[in-house]
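Numbering (this note's numbering), first residue to last: 102 to 509. Structure, as structure tokens:
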């Protein structure tokens, strides 16, 4: 739609959906290679565990989440991972699953009880999620009509996107906008360093800078970026950025005509509205892990972090729709999505298929390997394809935080 609008009208370009390209892109973080080295996806304490009355799923990929999980369980850390895993398993086996969920949350960590779809539907957060649409795109306030020059190039060319996201879903959204021509500046806190693998996988097409918003000089640099931004995408838990004056309402007041994209794990509503979460935890809580359980009853998982990737592409589409609407009606727009709502949409009316599993496929056709700033990088090409559209990113990922905080 935006490409057509920027050409001055005409027929919409034909969109191509290639099953292999989609399947490859949805596991891009697993297929990534930097100088031949595979990415690390889950840490030793990020897994399913038996609880006294069921199962729990924990997430401890980041050092601060690992520390909080262990603190909640009253356990000391250890460099001996195998011994530590055994101690955590023994401790969790003595505790009820929902008690673990609440104790770890209270400590600032990440754990959920594994629930069936029926149990999730009866849970207050599950009910809150079910009552919401897959995504919302609202006009928050008035704003000027966006005058994008007419051209036949990438549809998002000329848009400046301030990327305040982490961990797959949000970065996938902004990576997609970068593919389509947007200038994307990702901003991270020095207190929350990103893993090299995660940055390499989702850093295509972007610049990356590090700013401490509590420091006056860094805050001034951030405000300069914001003053010239067209889109702001946030992926932190609801409320996490409020202390920095970065609520959607505050952004709208300071920058009329902005498009704000906001995603979260559980939604910005309900009793879990302010909780942290990741794809693996949402799969466990909402019933997907139970649906995917093996014959032994051990919870399973989808073959991809599909909630993350799917929500990321949906958010990119919502941002583009908002920009298209602004080209005729102006306004300041807010798009909101949640992994849990994507899960509800994905599982709606789905029953396990007793048939044979589909055969394995070789992803090589949809992979590219090139030399870049990080070394020799093998990566999945974007599945976003339409007639006349870009085939690849114009910029390879560089080192995390290495760019100056200014637009090009």
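Ideal placement from N, C-alpha and C gives every residue a C-beta, glycine not left out.
Taking a contact to mean a Cβ-Cβ separation below 8 Å, would you say residue i touches residue j in this structure?
i: residue 300; j: residue 127; result: no
i: residue 152; j: residue 211; result: no
i: residue 308; j: residue 333; result: no
i: residue 432; j: residue 244; result: yes
i: residue 351; j: residue 387; result: no
i: residue 423; j: residue 434; result: yes
i: residue 429; j: residue 246; result: yes
i: residue 238; j: residue 436; result: yes
i: residue 186; j: residue 382; result: no
i: residue 156; j: residue 400; result: yes
i: residue 254; j: residue 467; result: no
i: residue 319; j: residue 130; result: no
i: residue 448; j: residue 218; result: yes
i: residue 106; j: residue 487; result: no
i: residue 204; j: residue 173; result: yes
i: residue 262; j: residue 183; result: no
i: residue 421; j: residue 257; result: yes
i: residue 413; j: residue 304; result: no
Alpha carbon to alpha carbon, how far is residue j from residue i? Give it in angstroms, no decimals.
i: residue 477; j: residue 498; result: 11 Å
i: residue 216; j: residue 224; result: 10 Å
i: residue 265; j: residue 288; result: 6 Å
i: residue 371; j: residue 206; result: 16 Å
i: residue 167; j: residue 385; result: 19 Å
i: residue 496; j: residue 278; result: 13 Å
i: residue 294; j: residue 314; result: 15 Å
i: residue 358; j: residue 143; result: 39 Å
i: residue 306; j: residue 494; result: 5 Å
i: residue 377; j: residue 363; result: 14 Å
i: residue 282; j: residue 354; result: 27 Å
i: residue 188; j: residue 179; result: 10 Å
i: residue 392; j: residue 323; result: 44 Å
i: residue 439; j: residue 368; result: 5 Å
i: residue 492; j: residue 160; result: 35 Å
i: residue 196; j: residue 394; result: 21 Å
i: residue 343; j: residue 141; result: 32 Å
i: residue 472; j: residue 273; result: 22 Å
i: residue 506; j: residue 397; result: 52 Å
i: residue 162; j: residue 145; result: 8 Å
i: residue 463; j: residue 125; result: 9 Å
i: residue 170; j: residue 390; result: 21 Å
i: residue 102; j: residue 482; result: 22 Å
i: residue 164; j: residue 338; result: 18 Å
i: residue 480; j: residue 276; result: 13 Å
i: residue 240; j: residue 349; result: 11 Å
i: residue 510; j: residue 443; result: Beyond the ends of the chain as shown, which are 102 and 509, falls residue 510; an answer cannot be given.
i: residue 112; j: residue 296; result: 43 Å
i: residue 508; j: residue 347; result: 20 Å
i: residue 251; j: residue 280; result: 19 Å
i: residue 267; j: residue 366; result: 12 Å
Going by DSSP, which residues form a beta bridge with residue i?
i: residue 149; result: 158
i: residue 381; result: Per DSSP, none; premise fails for residue 381.
i: residue 471; result: 478
i: residue 487; result: 116
i: residue 268; result: Per DSSP, none; premise fails for residue 268.
i: residue 365; result: 439
i: residue 263; result: 286 and 333
i: residue 176; result: According to DSSP, residue 176 bridges with nothing at all.
i: residue 135; result: 138 and 478
i: residue 67; result: The question about residue 67 has no answer here: the residues shown for the chain are numbered 102 through 509.
Which first and last residues belong to the beta strand (DSSP E) in which residue i is found?
i: residue 354; result: No beta strand (DSSP E) contains residue 354, which is instead part of the alpha helix (DSSP H) from 349-355.
i: residue 477; result: 476-481
Would you give the residue range spanned by the alpha helix (DSSP H) that residue i belongs to?
i: residue 182; result: 182-193
i: residue 105; result: 103-108
i: residue 131; result: 129-132
Hey, is residue i's beta-carbon within less than 8 Å of any beta-carbon in chain D?
i: residue 294; result: Annotation note: the requested chain D is absent from the structure, which comprises a single protein chain.
Can we count residue i as close to the ligand SAH, meaning its CB is less than 7 Å from some heavy atom?
i: residue 213; result: Looking for the ligand SAH in the displayed structure turns up nothing, as the structure carries no ligands at all.
Which ranges would you report for the alpha helix (DSSP H) in the segment 383-436 if only whole runs of at least 4 residues count?
-> 389-392 and 407-430
Return the chain-ordered ranges of every beta strand (DSSP E) run that is complete within the segment 205-259 and spans a minimum of 3 residues.
-> 212-214 and 237-242
For the segment 284-325, list the beta strand (DSSP E) runs that are entirely contained and at least 3 residues long, ordered along the chain.
-> 284-289 and 307-311
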